[in-house]
Amino acid sequence: MGKRIAVIGAGAAGMTAAIHAARSGARVTVYERNDRVGRKILSTGNGRCNFSNENMSADCYRGSGKALVDAVYGRFGVPETKDFFAGLGMRIRDRNGYLYPASGQASTVLDVLRYELDRLGVCVHTSDRVAGIRAGHPGFAVETDGGTSAAYDAVILACGGKAAPGTGSDGQGFVLAKMLGHRIIPTVPALVALKCREDFCRRVAGVRCEAGLTLYIDGRAVRCEAGELQWTDYGISGIPVFQFSRDAAYALREKRDVAVKIDVMPDFTDDAAQRAFWDLRWERQSSRTAEQFVTGLVNKKIGLLYLKLADIRETELAKDIPASARRRLEGFFRSLTVTVRETNSFAQAQVCAGGVDCTQVTGRMESRIARGLYFAGEILDIDGVCGGYNLQWAWSSGAVAGQAASERG
Ligand SMILES: Cc1cc2nc3c(=O)[nH]c(=O)nc-3n(C[C@H](O)[C@H](O)[C@H](O)COP(=O)(O)OP(=O)(O)OC[C@H]3O[C@@H](n4cnc5c(N)ncnc54)[C@H](O)[C@@H]3O)c2cc1C
Numbered sequence: 019m020g021k022r023i024a025v026i027g028a029g030a031a032g033m034t035a036a037i038h039a040a041r042s043g044a045r046v047t048v049y050e051r052n053d054r055v056g057r058k059i060l061s062t063g064n065g066r067c068n069f070s071n072e073n074m075s076a077d078c079y080r081g082s083g084k085a086l087v088d089a090v091y092g093r094f095g096v097p098e099t100k101d102f103f104a105g106l107g108m109r110i111r112d113r114n115g116y117l118y119p120a121s122g123q124a125s126t127v128l129d130v131l132r133y134e135l136d137r138l139g140v141c142v143h144t145s146d147r148v149a150g151i152r153a154g155h156p157g158f159a160v161e162t163d164g165g166t167s168a169a170y171d172a173v174i175l176a177c178g179g180k181a182a183p184g185t186g187s188d189g190q191g192f193v194l195a196k197m198l199g200h201r202i203i204p205t206v207p208a209l210v211a212l213k214c215r216e217d218f219c220r221r222v223a224g225v226r227c228e229a230g231l232t233l234y235i236d237g238r239a240v241r242c243e244a245g246e247l248q249w250t251d252y253g254i255s256g257i258p259v260f261q262f263s264r265d266a267a268y269a270l271r272e273k274r275d276v277a278v279k280i281d282v283m284p285d286f287t288d289d290a291a292q293r294a295f296w297d298l299r300w301e302r303q304s305s306r307t308a309e310q311f312v313t314g315l316v317n318k319k320i321g322l323l324y325l326k327l328a329d330i331r332e333t334e335l336a337k338d339i340p341a342s343a344r345r346r347l348e349g350f351f352r353s354l355t356v357t358v359r360e361t362n363s364f365a366q367a368q369v370c371a372g373g374v375d376c377t378q379v380t381g382r383m384e385s386r387i388a389r390g391l392y393f394a395g396e397i398l399d400i401d402g403v404c405g406g407y408n409l410q411w412a413w414s415s416g417a418v419a420g421q422a423a424s425e426r427g
């Protein structure tokens, strides 16, 4: 008879773990607090599920688990993930290295996982929230809110973190891990928008523009990102903002000063070329109004905002604008600084940074504190950048945990 394994949480990581454990001959029971499995998967990649990325490396991850990424991906990485999904019948579309189901539907990813759980006879308890796990000697007793208790040889904790709690991951997994003696690295929202102090954000809300962004913590430049910046009425969003949002979140948590410098003309890399560009523009557009002068440079709303910040009236003729005001205006295009007061909440975050300390977990995803307990997915202190990296971590850590847990100890 195979080992009896409980998987807590039927998200991307839990379902993958259950499939791999069952394929290795274990008798698997999955507990999911929602009335259905895999709810979060449906909202990923704007409903299209960017499930992995061909450009994979440990540098795309943050947290205490960077070393773990190499160990786990050496066992089950991107090629194995593609084979896994292809084997479940899912065709894959590669968009510049970003991998999606060819159907363009996140529901495909969930469907093929569900069908495989069914085929393997995995017992799935939905609307069944695990309230406690007691370590026996050997094995574990899994206790639910409904008052049931069942014994297992091994348990895989795959409850997710705290991001998007509406999908079920409300941080309960950390409570369970802590009960069993694990250290939890403080959690913050990541891949999330930033709220800024400046009221002027409202004036450009809704604008999207290419920009180079630099994150400053206590006045020191710590990260640079480039891409499509999205202005909102409360601050800044978009992929480049998401990419450094976890650094901003941890700095804010420590009450440090956080600011972002925005360059809306990132294609200007050469100072001399830039000077020549502005000189020519002031000369050629000298008889135009200031509004006309900024039109065509970048999104018009941004141009008008910068005029205001530079204290230039829209109706003023370009030739009448003094040199000092001209330099101020030019300066805003290359460098506007916004101060960050907080991040958006976990409810709007794509992932949760922080979690179970990865130094307490082996390369086979087993706890070093409680033998027979395994972890998978976002519950761990490891978070990836945007681009399919977080789901890849869920598939890889789930597969490794499922296989390892089903092996005879
Ligand atoms: C809007 C959005 C878009 C995203 N887009 C992408 C993307 O395109 N690409 C990408 O790589 N990543 C994306 N992510 C991140 C990615 O979805 C997650 O990192 C990944 O799904 C985490 O999987 P998980 O299985 O570890 O956790 P989860 O998916 O959070 O699953 C945990 C499960 O455990 C259940 N659970 C929790 N506690 C208990 C308990 N006590 N008892 C029983 N069940 C419990 C929960 O209900 C949940 O179903 C996105 C996230 C969001 C929110």
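FYI, the numbering for the sequence shown is 19 to 427, going by this note's numbering.
Every residue gets a Cβ at the ideal spot worked out from N, C-alpha and C, and that includes glycine.
Query raised in the report: Is G179 near I397, with beta carbons less than 8 Å apart?
Result: Locating residue 179 in the sequence shown gives position 161, where the first residue counts as 1. Locating residue 397 in the sequence shown gives position 379, where the first residue counts as 1. Contact flag set, yes.
Report task. Less than 8 Å between the CB atoms is what I'm expecting for A416 and G32, so what's the real figure, rounded? Result -> In the sequence shown, the residue the question calls residue 416 occupies position 398. In the sequence shown, the residue the question calls residue 32 occupies position 14. At residue 416 the sequence reads Gly, which differs from the Ala that was named. Going by Cβ atoms, the distance from G416 to G32 rounds to 7 Å, so yes, they are a contact pair.
Requested in this report: Quickly, what does DSSP pair K213 with across the bridge? List them, please.
Outcome: Taking the sequence shown and counting its residues from 1, one reaches residue 213 at position 195. In the DSSP assignment, K213 is bridged to G253, E360.
Query raised in the report: Contact check, A169 vs G157 under 8 Å by CB: the rounded distance?
Result: Position 151 of the sequence shown, counted from the start, is the residue given in the question as residue 169. Position 139 of the sequence shown, counted from the start, is the residue given in the question as residue 157. Between G157 and A169 the Cβ distance is about 6 Å, and since that is below 8 Å, they are a contact.
Query raised in the report: In three-state DSSP terms, what is H38?
Result: Here residue 38 corresponds to residue number 20 of the sequence shown, with the count starting at 1. If DSSP states are grouped into helix, strand and coil, H38 belongs with the helices.
Requested in this report: Keeping to the same chain, check which residues put their C-beta closer than 7 Å to that of N262; ignore five residues upstream and five downstream.
Outcome: Translated into the one-based positions of the sequence shown, residue 262 becomes position 244. The question names Asn, but residue 262 is Phe in the sequence shown. The residues are L233, R241, E243.
Requested in this report: Tell me, to the nearest whole angstrom, how far the beta carbon of L347 is from that of L325; I am working on the premise that it is less than 8 Å.
Outcome: The residue labelled residue 347 in the question sits at position 329 within the sequence shown. The residue labelled residue 325 in the question sits at position 307 within the sequence shown. At roughly 7 Å, the Cβ-Cβ gap stays under 8 Å, so L347 and L325 are in contact.
Query raised in the report: Apart from the five residues on each side of it in sequence, which residues of its chain come closer than 6 Å, Cβ to Cβ, to D251?
Result: Within the sequence shown, residue 251 is the residue found at index 233, counting from 1. So the qualifying residues of the chain are R220, A223.
Query raised in the report: In three-state terms, what does DSSP make of A367?
Result: Position 349 of the sequence shown, counted from the first residue, corresponds to residue 367. Shown here, A367 sits in coil according to DSSP, grouped into three states, outside any helix or strand.
Query raised in the report: Should L175 and A195 be called a contact, given that it needs their Cβ atoms to be closer than 8 Å?
Result: If you number the sequence shown from 1, residue 175 lands on position 157. If you number the sequence shown from 1, residue 195 lands on position 177. A contact, by the Cβ cut-off of 8 Å.
Query raised in the report: For G455, which of T47, D77, E332 has the nearest alpha-carbon?
Result: The structure shown does not extend to residue 455, since the chain is modelled only from 19 to 427, so the question has no answer here.
Report task. Return yes when at least one heavy atom of ligand 1 lies under 7 Å from the C-beta of E396, else no. Result -> Walking along the sequence shown from the start, residue 396 turns up at place 378. Distances taken from the Cβ of E396 to the heavy atoms of ligand 1 include one shorter than 7 Å.
Report task. List the whole-angstrom C-beta distance separating F69 from Y133, where the pair is believed to meet the contact cut-off of C-beta under 8 Å. Result -> The sequence position of residue 69 within the sequence shown is 51, counting from 1. The sequence position of residue 133 within the sequence shown is 115, counting from 1. Actually they are not in contact, since the Cβ atoms of F69 and Y133 sit about 16 Å apart, beyond 8 Å.
Report task. Return yes when the C-beta of T62 is under 7 Å from any heavy atom of ligand 1, and no when it is not. Result -> Taking the sequence shown and counting its residues from 1, the one referred to as residue 62 is at position 44. In this structure, ligand 1 has a non-hydrogen atom nearer than 7 Å to the beta-carbon of T62.
Query raised in the report: Do you know offhand how far Q303's Cα is from W296's?
Result: Against the sequence shown, residue 303 aligns to sequence position 285. Against the sequence shown, residue 296 aligns to sequence position 278. Q303 and W296 have their C-alpha atoms spaced approximately 10 Å apart.
Report task. Name the two residues that bound the continuous beta strand (DSSP E) containing S167. Result -> Locating residue 167 in the sequence shown gives position 149, counting from the first residue. Per DSSP, S167 belongs to the beta strand (DSSP E) from 167-170.
Query raised in the report: If you measure from the beta carbon of G199 to each beta carbon in chain B, is any gap under 8 Å?
Result: Here there is only one protein chain, and chain B is not present.
**Report entry** Separation of D288 from M108, as counted between CA atoms
**Finding:** By one-based count along the sequence shown, residue 108 stands at place 90. By one-based count along the sequence shown, residue 288 stands at place 270. Approximately 47 Å between the Cα atoms of the pair.
Query raised in the report: Is T99 helix, strand or coil by DSSP?
Result: Counting from 1 along the sequence shown, the entry for residue 99 is found at position 81. Note: T99 maps to helix in three-state DSSP.
Query raised in the report: If you compare alpha carbons, which of K279, E334, D88, E272 is closest to E216?
Result: On the sequence shown, residue 216 is found 198 positions in, with the first residue counted as 1. By alpha-carbon distance to E216, the top candidate from K279, E334, D88, E272 is K279.
**Report entry** Straight-line gap, E332 to A308 (C-alpha atoms, nearest Å)
**Finding:** Counting from 1 along the sequence shown, the entry for residue 332 is found at position 314. Counting from 1 along the sequence shown, the entry for residue 308 is found at position 290. In this structure, the alpha-carbon of E332 lies about 5 Å from that of A308.
Report task. With distances taken Cα to Cα, identify the nearest neighbour of L335 among R345, R306, G420, G83. Result -> The count along the sequence shown starts at 1 and reaches residue 335 at position 317. Of the listed residues, the one whose Cα sits closest to L335 is R306.
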